[in-house]
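Engineer: Let me give you the structure first, and then I'll get to my questions.
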Ligand SMILES: *Cc1c(COP(=O)(O)O)cnc(C)c1O
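Numbering (the numbering used here), first residue to last: 14 to 462.
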């Protein structure tokens with residue numbers, strides 16, 4: 014009975030997979046926020062290195078992973094795949110459940126798979142400092158780690174409420190040498206404006222993005238980095254699925270269903286895109302994106318152009334969106350509280366290649382506890398959405414008497430999110446109504462294209 018499916022270091026993929034080469038319909042181009050014309054490389058070069066801009070627009074199927082990035086990947090890659098024997102038994106399902114575990118990275122999630130190449134390409138371009146934003150701290154800590162590995166300074170604008178309430182990831186960022194500010198700060202025009210109007214403003218991801226982008230745009234030695242949504246981020250994450258394919262092959266299996274939680278879409282894309290290539294070529298396979306019922310981007314959003322940030326500074330992207338100024342309820346899965354999803358994921362969903370499901374958080378935590386009590390690992394609240402959907406698929410198989418193979422992405426561990434578990438165990442966790450009115454309002458403020 015095999016539990017862990019392990020690959021040697023030599024089996025780390027040498028190239029990333031670019032799904033753009035195989036999509037039946039390419040995503041619509043990003044538009045300049047002012048002119049509404051497609052953005053060119055020159056629009057992006059003040060804040061991104063050219064190598065990443067090229068990856069952003071590339072339709073080349075395979076893109077080489079630089080040697081220096083591969084060397085760092087060996088610190089935690091290949092990541093293990095597990096067969097969830099004990100969970101299967103607890104559920105009494107004939108289905109086989111596998112999970113790919115990305116919590117083994119130093120930052121505890123899949124995010125270093127992209128922060129490391131992003132730091133690498135910036136270093137190559139002579140950039141001295143990266144400015145970025147973070148909510149609860151997962152992306153900020155992945156970027157801080159990558160900066161320390163390549164000798165690049167990292168400045169993190171961390172949403173003020175999280176800075177005060179969730180100190181552990183901030184301490185991790187500082188341990189890796191990053192400078193962390195509680196946003197809004199008095200260091201940027203955007204921050205000062207907000208503080209002038211409201212000195213006690215608790216901050217938001219949208220504000221923090223505006224501050225980090227302004228910091229990068231106004232310093233010639235500084236660039237900006239984003240942890241999800243963009244094409245190059247999803248590209249880097251495909252190491253997950255490419256390894257998973259080899260691991261499945263090693264054990265002589267192939268997934269009928271692939272599940273990933275979806276905040277911006279990067280971990281879902283990372284695991285599923287290499288398999289979706291097979292689906293596009295005729296293979297039977299379902300891919301499920303799982304989102305919170307209180308921020309139901311794919312299941313309830315509209316497919317249209319919207320800004321990536323609250324202030325409307327970023328290019329307009331073609332996405333399923335709830336409106337760029339929609340503020341989702343304060344659920345514990347902070348990484349899933351984004352108003353839209355990656356254009357690549359949205360196009361594939363629109364074309365019926367990906368399905369979507371939404372769950373309220375108490376159901377998600379119930380699944381997380383069942384997982385922790387059978388498999389041991391305490392999952393991140395975000396990843397627990399995938400756990401819940403995988404369990405439901407396994408129970409469907411039980412009902413239908415089907416021996417399907419289910420593969421999900423355990424995108425991170427929850428050891429820095431234990432307050433969320435405390436709240437659940439103490440019965441303090443509540444489900445939020447689907448905020449229909451607020452979403453309708455936010456959608457009414459979308460730019461007309
Ligand atoms: C950030 C994060 C997510 C959500 O981001 P995606 O881009 O949708 O992957 C999911 N899981 C964990 C553990 C995260 O840190």
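Don't be surprised by glycine CBs; every beta carbon is placed ideally from N, CA and C. Here the structure is a predicted model, which means the values were calculated and not measured.
(1) Measuring alpha carbon to alpha carbon, tell me which of 211, 170, 179 and 241 ends up nearest residue 223.
(2) Identify the continuous alpha helix (DSSP H) that holds residue 434 and give its terminal residues.
(3) Just the C-alpha distance for residue 111 and residue 96, rounded to the nearest angstrom, thanks.
(4) How long is the line joining the alpha carbons of residue 121 and residue 115, rounded to whole angstroms?
(5) In three-state terms, what does DSSP make of residue 299?
(6) Three or more beta-carbon pairs under 8 Å between the segment 316-324 and the segment 58-76, yes or no?
(7) Measuring only from the beta carbon, is residue 152 closer than 7 Å to any heavy atom that is part of ligand 1?
(8) Going straight from the alpha carbon of residue 303 to that of residue 371, what length do you get?
(9) When you compare each of 269, 449 and 394 to residue 419 by their alpha carbons, which one comes out closest?
(10) Output the boundary residues of the beta strand (DSSP E) element that contains residue 368.
(11) Given a cut-off of 8 Å on the beta-carbon distance, is the pair residue 126 and residue 273 in contact?
(12) How far does the alpha helix (DSSP H) with residue 133 in it reach, from first residue to last?
(13) Who are the near neighbours of residue 332 in its chain, counting only those whose CB is closer than 7 Å to its CB and skipping five residues on each side?
(14) Using 8 Å for Cβ pairs, my map puts residue 428 next to residue 391. What's the rounded Cβ distance?
(15) With respect to the beta strand (DSSP E) encompassing residue 273, which residues constitute its N-terminal and C-terminal limits?
(16) For my contact list, residue 277 and residue 176 are in at a C-beta cut-off of 8 Å; report their separation, rounded to the angstrom.
(17) Within 10 angstroms of its Cβ, does residue 250 collect 16 or more other Cβ (buried), or is it exposed?
(18) Measure the Cβ-Cβ separation of residue 347 and residue 159 and say whether it is below 8 Å.
Structural biologist: Quick look at the numbers:
(1) For the residues 211, 170, 179 and 241, the minimum Cα distance to residue 223 belongs to 170.
(2) Residues 431-438.
(3) One alpha carbon belongs to residue 111, the other to residue 96, and they sit about 4 Å apart.
(4) Their backbone Cα atoms lie some 7 Å apart in a straight line.
(5) DSSP places residue 299 in strand when its eight states are reduced to three.
(6) Contact between the segment 316-324 and the segment 58-76 is absent, because fewer than three Cβ pairs lie under 8 Å.
(7) True, at least one ligand heavy atom lies under 7 Å from that Cβ.
(8) If I take the Cα positions, the gap works out to 6 Å.
(9) With distances taken between Cα atoms, residue 419 lies closest to 269.
(10) Its beta strand (DSSP E) spans residues 368-372.
(11) One thing to note: residue 126 has its Cβ no nearer than 8 Å to the Cβ of residue 273.
(12) Per DSSP, residue 133 belongs to the alpha helix (DSSP H) from 125-137.
(13) In its chain, beyond the 5 residues on either side, 319, 353, 354, 356 and 359 have a beta carbon closer than 7 Å to the beta carbon of residue 332.
(14) Contact between residue 428 and residue 391 holds: their C-beta atoms lie close to 6 Å from each other, under 8 Å.
(15) That run of the beta strand (DSSP E) goes 270-274.
(16) Between residue 277 and residue 176 a beta carbon distance of about 21 Å is seen, past the 8 Å cut, so the two are scored as non-contacting.
(17) Around the beta carbon of residue 250, 16 or more other beta carbons sit within 10 angstroms, so the residue counts as buried.
(18) Not a contact, by the Cβ cut-off of 8 Å.
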